[in-house]
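The block underneath contains the structure these notes are about, expressed in structure tokens.
Number of protein chains: 4
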Amino acid sequence: MSIRIFITGGTFDKEYNELNGSLYFKDTHLSDLLEMGRNRVSVEIRTLMMVDSLEMSDEDRDLIVHQCRNCEEDKIVITHGTDTMEITAQILGKENINKTIILTGAMIPIKFGSSDGLFNLGSALAFAQALPKGVYVAMNGRCFNWNNVRKNKLTGVFEELQ
Amino acid sequence: MSIRIFITGGTFDKEYNELNGSLYFKDTHLSDLLEMGRNRVSVEIRTLMMVDSLEMSDEDRDLIVHQCRNCEEDKIVITHGTDTMEITAQILGKENINKTIILTGAMIPIKFGSSDGLFNLGSALAFAQALPKGVYVAMNGRCFNWNNVRKNKLTGVFEELQ
Amino acid sequence: MSIRIFITGGTFDKEYNELNGSLYFKDTHLSDLLEMGRNRVSVEIRTLMMVDSLEMSDEDRDLIVHQCRNCEEDKIVITHGTDTMEITAQILGKENINKTIILTGAMIPIKFGSSDGLFNLGSALAFAQALPKGVYVAMNGRCFNWNNVRKNKLTGVFEELQ
Amino acid sequence: MSIRIFITGGTFDKEYNELNGSLYFKDTHLSDLLEMGRNRVSVEIRTLMMVDSLEMSDEDRDLIVHQCRNCEEDKIVITHGTDTMEITAQILGKENINKTIILTGAMIPIKFGSSDGLFNLGSALAFAQALPKGVYVAMNGRCFNWNNVRKNKLTGVFEELQ
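Here the protein sequences come in this chain order: A, B, C and D.
Residue 346 is where the first sequence ends in the numbering used here, and the numbering goes up by one at each step.
Residue 346 is where the second sequence ends in the numbering used here, and the numbering goes up by one at each step.
Residue 346 is where the third sequence ends in the numbering used here, and the numbering goes up by one at each step.
Residue 346 is where the fourth sequence ends in the numbering used here, and the numbering goes up by one at each step.
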């Protein structure tokens with residue numbers, strides 16, 4: 185069966201607006217990334233929202249939970265802003281959805297060349313295929329349980345709680 | 185414990201010689217890739233050889249087997265040319281080494297911009313952490329058992345034998 | 185004799201801060217660009233400031249005029265933010281400095297992959313070598329006199345005044 | 185009036201064949217480069233051939249001369265392999281065509297990321313606009329007369345004859 189990919193925005197998909205010098209969301213680059221990686225894992229992609237994760241609302245997270253619970257696939261990858269990835273992971277984790285759910289993201293926008301997004305996407309798809317049911321965060325090549333992960337705001341690196 | 189990474193060459197590490205227009209090996213780009221991916225998995229890297237996998241000899245493969253058996257880590261990623269990756273996988277598979285060994289590679293050199301190498305590396309490191317003991321090929325986002333994989337020479341895509 | 189390159193900041197040298205998602209200035213990328221272009225024109229590089237051109241003050245522009253007048257080279261390239269490039273060009277143009285002065289910049293930061301900066305730099309260095317004394321803006325492959333150029337804010341393209 | 189761009193192949197347009205690991209020509213990347221550079225100089229592009237310049241024949245060069253002489257534009261840029269660029273420049277130079285003709289090329293294929301092609305193209309278009317009638321080679325940010333240029337085979341750098 186396919187892996188479901190839900191897109192929510194985050195640094196992953198930010199672009200540079202050359203008319204005013206700001207960063208913004210236009211379209212997701214996920215298909216480009218999968219093509220670049222010569223991916224042949226069957227995937228179903230759906231964009232749920234396109235937001236900076238600092239602006240993700242309770243309602244947004246309800247939608248993510250709803251979609252994870254109700255999609256027909258039992259392996260799910262969610263691209264997500266890194267700033268509040270741990271919060272969405274906790275909410276999903278407490279829902280006890282009987283699926284393998286991997287949240288991942290990027291520190292550098294894909295469009296800015298040397299992005300970690302391609303590496304993280306390869307890693308997230310692999311963890312989705314290989315890990316048992318549960319909710320995980322895949323960042324920095326590692327995989328964390330939803331109840332034992334945070335982003336270190338000083339270093340930008342994901343780590344266990346203690 | 186760390187993951188051991190063995191480098192053997194392959195398209196992954198090919199460079200363009202601008203003086204004569206040929207492709208050649210200079211140094212491995214693996215550290216650059218790991219940095220680009222913001223990798224924080226502890227790894228030990230060792231270059232075993234730097235060859236086109238079409239020119240890999242029996243002796244070269246003996247060396248790879250020997251190193252896999254004798255290194256202290258029990259999770260191993262091997263970067264390898266794609267043309268004979270399945271052969272090295274079969275030789276390693278029949279050795280019954282009690283470790284998780286993942287062979288991976290790239291269709292496009294890392295130095296040529298839109299490489300699949302970063303995606304495959306993320307995927308290989310994830311499979312190495314999540315899969316049970318065995319020998320696997322990680323390409324195209326997928327993971328194959330050593331005894332059920334081949335590279336389709338017409339499409340360049342890895343697939344099961346039947 | 186060498187060409188003098190003065191760096192003042194602008195989009196050209198903006199970088200992405202992966203800890204807070206903002207754009208900022210760290211170092212100039214001009215030497216990287218010149219190396220990438222295999223440049224062999226003798227150049228002397230000096231950073232005068234590192235500012236967004238919307239924040240360039242009268243005092244900043246006095247400094248640029250002073251440096252252009254007093255440096256020993258008579259061919260000068262200035263990297264500059266595009267938003268007020270025409271203003272600095274006008275101020276320099278009215279000074280009647282007996283040198284060939286070319287202002288150039290970029291719409292996309294060099295660090296964001298598909299930048300126009302490398303193209304513009306090649307063009308600016310060529311115009312500096314080939315054009316008579318005067319003050320010019322080199323953008324979009326074209327070269328404009330200081331008193332007949334503006335950036336079209338809607339399209340981001342440089343054009344003549346009428 | 186427009187600048188005429190003639191494409192003849194060379195490193196500029198080489199691509200990597202991921203099925204057999206060889207370098208080959210498919211299509212020209214010139215339009216991509218012009219777009220990347222936000223070029224607004226009016227250009228007319230025509231591909232005359234797509235060859236490695238080591239394999240350029242007398243007949244090929246006759247065609248280039250013929251096209252330069254007969255096109256309606258009087259400013260011409262020719263993209264050309266670097267290995268025999270000086271030979272084509274000499275042949276064109278001796279023809280006394282009353283136009284500004286600039287030959288340029290690249291040491292690294294455009295598709296391989298850090299190419300000098302974008303820099304050289306910006307430079308060639310600028311020299312074509314600014315220089316008097318004549319035949320020139322634009323490489324390494326510099327511009328050489330057709331009768332005083334060679335590629336140093338050891339360093340890959342273009343230089344005067346003495």
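From the three backbone atoms N, C-alpha and C, an ideal C-beta is built for every residue, glycine too.
Those residues which DSSP pairs with glycine 318 of chain C across a bridge:
In the DSSP output, where bridge partners are listed per residue, glycine 318 of chain C has C:Thr284.
**Prompt:** DSSP puts glutamate 199 of chain A in a beta bridge; with which residues?
**Reply:** DSSP output for glutamate 199 of chain A lists A:Tyr208 as bridge partner(s).
Q: Assign glutamate 270 of chain B to one of three DSSP states: helix, strand, or coil.
A: Correct three-state label for glutamate 270 of chain B: helix.
- Query: If we cut at 9 Å on Cβ distances, does aspartate 267 of chain D have a partner in chain C?
  - Reply: Chain C contact via Cβ: absent.
List, in order along the chain, the chain D residues whose C-beta lies closer than 8 Å to that of aspartate 300 of chain C?
Against chain D, a Cβ distance below 8 Å from aspartate 300 of chain C picks out Met220, Gly221 and Arg222.
Practice task
Could I get the ranges of all uninterrupted alpha helix (DSSP H) runs contained in the region 203 to 258 of chain C, with 4 residues as the minimum, in chain order?
Solution key: Taking only runs of at least 4 residues, the alpha helix (DSSP H) segments lying wholly in the region 203 to 258 of chain C are 214 to 220 and 242 to 254.
**Report entry** Which of helix, strand or coil DSSP assigns to isoleucine 292 of chain C
**Finding:** Isoleucine 292 of chain C: coil per DSSP, three-state reduction.
Counting pairs of beta carbons, one from the region 191 to 202 of chain A and one from the region 262 to 282 of chain A, are three or more of them closer than 8 Å? With contact defined as three or more Cβ pairs closer than 8 Å, the region 191 to 202 of chain A and the region 262 to 282 of chain A are in contact.
Straight-line Cα distance separating alanine 290 of chain D from aspartate 197 of chain C = Straight-line Cα distance between these residues: approximately 24 Å.
TODO: Please check if any C-beta of chain B sits within less than 9 Å of the C-beta of alanine 314 of chain A.
DONE: Nearest CB-CB separation between alanine 314 of chain A and chain B: below the 9 Å threshold.
Examine chain C for any beta-carbon lying closer than 9 Å to the beta-carbon of glutamate 256 of chain A, and answer yes or no.
-> For glutamate 256 of chain A, the answer is no, since every Cβ of chain C falls outside 9 Å of its Cβ.
* Asked: What are the boundary residues of the beta strand (DSSP E) that asparagine 329 of chain B is part of?
  -> For asparagine 329 of chain B, the enclosing beta strand (DSSP E) starts and ends at 326 to 329.
Subject >> Where the beta strand (DSSP E) containing glycine 193 of chain B begins and where it ends >> reply: First-last of the beta strand (DSSP E) with glycine 193 of chain B: 187 to 193.
Can you pull out the residues from the region 193 to 211 of chain B whose beta carbon lies closer than 8 Å to at least one beta carbon of chain D?
Of all residues in the region 193 to 211 of chain B, the ones placed with a Cβ closer than 8 Å to any Cβ belonging to chain D are Thr195, Lys198, Tyr200, Glu202, Leu203, Gly205 and Leu207, in chain order.
Under 7 Å Cβ-Cβ, which residues of chain C neighbour aspartate 309 of chain D?
The amino acid occupying residue 309 of chain D in the given sequence is leucine; aspartate does not appear at that position. Chain C residues near leucine 309 of chain D: Ser307 and Gly325.
Report task. List the residues that DSSP assigns as beta-bridge partners of isoleucine 275 of chain C. Result -> According to DSSP, residue pairing for isoleucine 275 of chain C in a beta bridge does not occur.
To the nearest angstrom, how far is the alpha carbon of alanine 322 of chain A from that of arginine 245 of chain B? When rounded, the separation of the alpha-carbon atoms in alanine 322 of chain A and arginine 245 of chain B is 33 Å.
Discussion item. Any contact between the region 221 to 233 of chain A and the region 300 to 319 of chain B? By contact I mean 3 or more CB pairs, one from each, below 8 Å.
Written reply: With a cut-off of 8 Å, the region 300 to 319 of chain B and the region 221 to 233 of chain A count as touching, because enough Cβ pairs lie within range.
Does chain D have any CB closer than 9 Å to the CB of phenylalanine 342 of chain B? Judged by the 9 Å Cβ criterion, phenylalanine 342 of chain B is not in contact with chain D.
Against chain C: residues of the region 222 to 242 of chain D by CB proximity under 7 Å:
Answer in chain order: Arg222, Asn223, Arg224 and Val225.
> Pairing CB atoms from the region 237 to 256 of chain D with CB atoms from the region 199 to 214 of chain D, are three or more of them under 8 Å?
Replying inline: With a cut-off of 8 Å on Cβ pairs, the region 237 to 256 of chain D is not in contact with the region 199 to 214 of chain D, counting fewer than three such pairs.
### Task
Compute the distance between the beta-carbons of serine 307 of chain D and leucine 309 of chain C, then report whether it is under 9 Å.
Leucine 309 of chain C sits close to serine 307 of chain D, with the two beta carbons spaced by under 9 Å.
Q | Nearest neighbour of threonine 268 of chain B, chosen from B:Glu343, B:Lys335 and B:Met185 [CA to CA] | A | Cα-wise, what sits closest to threonine 268 of chain B is B:Lys335.
(Q) Here's the rule I'm using: 16 or more other beta-carbon atoms within 10 Å means buried, otherwise exposed. How should lysine 259 of chain D be labelled? (A) Counting C-beta atoms within 10 angstroms of its own C-beta, lysine 259 of chain D has 16 or more neighbours from the protein chains shown and is therefore classed as buried.
Residue-level contact to chain A via CB, phenylalanine 303 of chain C, 9 Å cutoff: For phenylalanine 303 of chain C, the answer is no, since every Cβ of chain A falls outside 9 Å of its Cβ.
ask   = For the putative contact between lysine 283 of chain C and cysteine 252 of chain C, defined by C-beta atoms under 8 Å, what is the C-beta separation to the nearest angstrom?
value = Yes, they are in contact, since the Cβ atoms of lysine 283 of chain C and cysteine 252 of chain C sit about 7 Å apart, within 8 Å.
Run down chain A in chain order and give the residues with a C-beta less than 7 Å from the C-beta of methionine 291 of chain B. Close to methionine 291 of chain B, with beta-carbon spacing below 7 Å, are these residues of chain A in chain order: Arg222.
Going by Cα to Cα distance, which pick from D:Val333, D:Ile281, D:Gln313 and D:Ser186 is closest to threonine 266 of chain D?
Closest by alpha carbon: D:Val333.
Exercise. What residues of chain C sit near lysine 335 of chain A, judged by a beta carbon separation below 7 Å?
Worked result: Listed along chain C is no residue with a C-beta nearer than 7 Å to that of lysine 335 of chain A; the closest approach is about 10 Å.
Is the beta carbon of isoleucine 281 of chain B closer than 9 Å to that of valine 319 of chain B?
Cβ distance < 9 Å, so valine 319 of chain B and isoleucine 281 of chain B count as in contact.
* Asked: Tell me the DSSP bridge mates of phenylalanine 342 of chain B?
  -> Answer is B:Lys335.
For lysine 295 of chain C, would you say it is in contact with chain A, using Cβ-to-Cβ distances shorter than 9 Å as the test? Yes, because at least one Cβ of chain A sits closer than 9 Å to the Cβ of lysine 295 of chain C.
Chain A within 9 Å of leucine 287 of chain C, Cβ atoms only | Against chain A, the CB of leucine 287 of chain C has no partner CB under 9 Å away; the residue lies outside that interface.
Where does threonine 288 of chain C land, buried or exposed, given buried means 16+ other C-beta within 10 angstroms?
Threonine 288 of chain C should be labelled buried.
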